[in-house]
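Structure record follows, encoded as structure tokens.
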Amino acid sequence: MIDKQVASAAEAVADIADGASLAVGGFGLSGNPMILIEALLAQGTTDLGIVSNNCGVDDWGLGVLLNAGRIRKMTSSYVGENKEFERQFLEGDLELELTPQGTLAEKLRAGGSGIAAFYTQTGVGTQVAEGGLPRRYAPDGTIAVASPAKDVRSFGGRDYVLEEAITTDFALVHAAVGDRHGNLIFNKAARNFNPLAAMAGRVCIAQVERLVEPGELDPDRIHLPGVYVHRIVEVGPDIEKRIERRTVAAPAAGPEGA
């Protein structure tokens, strides 16, 4: 029996060293592995290169690491909602590799599947393929580092751009349920980038709201097999969960006189 449970989030992230690369699950604030992120913050790890759909908001998600100056580079597809992210990027304190969302998802999946690179139509005819996108600014506002041009080839009369797969030193993910073997089930929208991030990390650390014994999960319900997961920590169902914005409709007017 392979028991992958660790006693605490602090223990789970203890060997993530300065300069490490991380793939982190989440979409907006949905499915963020917040307990693991906070443990990493408390540990003091810095100079991190992080691959995630976005960087949270100023005081939640990966934004807490950003605010503490712990992130060297972000590879993301969305960079809104975070004023500190904007400031650090424009002032040259943060490197950004902006990547189309579907391409980012496939780069993570490919990395976890042992595929070195793939061709896609996304980005053909734009700076994604042609290069020149700012990755890091100099303090005077000029571009210090720009994205390189990528290989473009024609298949069946259509052009495709070559995208390299992503693998990282570690992955941090959040799941609703897991067993001690590392098999994971995600809840609804939290199943966003979490399985893909888990696949891309050479060492995957999962926080789960509920931990069960091997054999308790219906195999047909498992979203990510335990082969991708190396450590698992139970954080309980009462952890704080946030969303960026809540929009509700006004209650419908009832029949007159009701």
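Per our numbering, residue 6 is the first one in the sequence shown, and the count goes up by one each step.
Here a beta-carbon is modelled for each residue, glycine too, at the ideal position from N, C-alpha and C.
Three-way DSSP call (helix, strand, coil) for Ala70 in this model: Sequence check: residue 70 is Leu here, not Ala. Helix.
Over the uninterrupted alpha helix (DSSP H) stretch that includes Leu222, give me the two end residues. Run containing Leu222: none; DSSP gives neither H nor E here.
State yes or no: is the C-beta of Leu1 within less than 8 Å of the C-beta of Met204? What is shown of the chain runs 6 to 263, which leaves residue 1 out entirely.
List in chain order: all unbroken alpha helix (DSSP H) runs of 4+ residues lying wholly within the segment 12–85. Listed in chain order, they are 14–17, 39–48, 68–72.
Taking DSSP's pairing of strands, which residues face Leu138 in a bridge? Under the DSSP definition of a beta bridge, Leu138 lacks any partner.
Can we say the segment 182–197 touches the segment 224–238, given the rule of at least three CB pairs closer than 8 Å? By the Cβ criterion, the segment 182–197 is in contact with the segment 224–238, since at least three pairs of Cβ atoms, one from each stretch, lie closer than 8 Å.
Which residues in the same chain as Phe90 place their Cβ atom closer than 8 Å to its Cβ, once the five residues preceding and following it in sequence are excluded? Around Phe90: Cys60, Gly68, Leu71, Met79, Val84, Leu99.
Buried versus exposed call for Pro200 [16 or more other C-beta atoms within 10 Å across all chains shown]: Classification for Pro200: buried.
Using the DSSP secondary-structure output, state which residues sit across from Gly183 in a beta bridge. Gly183 is bridged to Leu189, Leu216.
When the Cα atoms are used, what is the spatial distance from Gly33 to Arg207? For Gly33 and Arg207, the distance between alpha carbons rounds to 24 Å.
What is the C-beta distance between Gly5 and Ala194, in whole angstroms, given that I count them as a contact (C-beta under 8 Å)? Look at the range of the chain in this structure, 6 to 263, and you will see that residue 5 is not part of it.
Here's the rule: buried if 16 or more other CB atoms are within 10 angstroms of the residue's CB, otherwise exposed. What is Arg251? Label assigned to Arg251: exposed.
Cross-strand partners of Arg236 (DSSP beta bridge): According to DSSP, which records beta bridges pairwise, Arg236 is partnered with Ile210.
Under three-state DSSP, which class holds Thr172? Under the three-state reduction of DSSP output, Thr172 falls in the coil class, being neither helix nor strand.
I need the straight-line Cα distance from Leu53 to Val213, nearest angstrom please. One Cα belongs to Leu53, the other to Val213, and the distance between them is close to 24 Å.
Here's a check: name, in chain order, each residue in its chain whose Cβ is nearer than 7 Å to the Cβ of Thr172, leaving out the five neighbours to either side. Gly116, Ala205, Arg207, listed in sequence order.
Verify whether the separation of the beta carbon atoms of Arg163 and Gln126 is less than 8 Å. Between Arg163 and Gln126, the C-beta spacing is below 8 Å.
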